[in-house]
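Colleague:
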Amino acid sequence: MLARYSPSVLVFWRWLFASGFLCAAVLAEGTPIDWQTVLSPRALASFFLLATVAGVAAMAIYYTGLRRMPAHIVTFIELLYPLFAVFFNFIFWSITPSTMQLAGGFILALAIALLVMVYYKFDSSQQESSQS
């Protein structure tokens with residue numbers, strides 16, 4: 046798909062379908078919606094910021110990366126997304142991460158490091174066996 050469509054087009058359709066599905070799920074649940082709160086300037090500004098920075102920008106970078114790098118490398122980079130979210134919250138909004146978030150970030154970073162080590166060990170052993 047990346048050969049036929051630009052990352053921005055893919056992000057647009059992904060968000061459109063996801064938004065439609067989520068709206069249908071919320072409406073099907075039957076919980077009353079406080080539209081005054083949902084449509085308040087503060088809520089709309091928060092939604093816009095979350096959608097553009099965390100959503101559209103991140104997905105555009107992801108699809109651009111897929112176009113330029115192998116998928117396995119882009120996937121490892123994408124796994125770092127929660128760590129970047131905590132980091133940006135701290136840098137831009139001075140939100141100090143909780144102990145649980147720090148522990149989760151450490152475990153996530155360790156898991157990613159182990160995945161990378163296992164992948165490259167597996168990849169190098171495969172290359173050695175193909176050369177033999």
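Residue numbers (this note's numbering): 46 to 177. C-beta atoms are modelled at their ideal positions from N, C-alpha and C, and glycine is treated no differently.
1. Under 7 Å from any heavy atom of the ligand FAD, does the C-beta of Pro115 make it?
2. Would you kindly work out how many angstroms separate the C-alpha atoms of Ala158 and Ala105, rounded to a whole number?
3. Rank Ile140, Pro77, Ala103 by C-alpha distance to the C-alpha of Glu123 and give the top, closest one.
4. Excluding sequence positions up to five away, which residues of its chain have a Cβ less than 6 Å from the Cβ of Leu128?
Modeller: Taking the structure as given:
1. With respect to small molecules bound, the structure shown includes none, and the ligand FAD cannot be examined in it.
2. Spanning the two alpha carbons is a distance of roughly 25 Å.
3. Closest option to Glu123, Cα to Cα, is Ala103.
4. Correct list, in chain order: Gly150.
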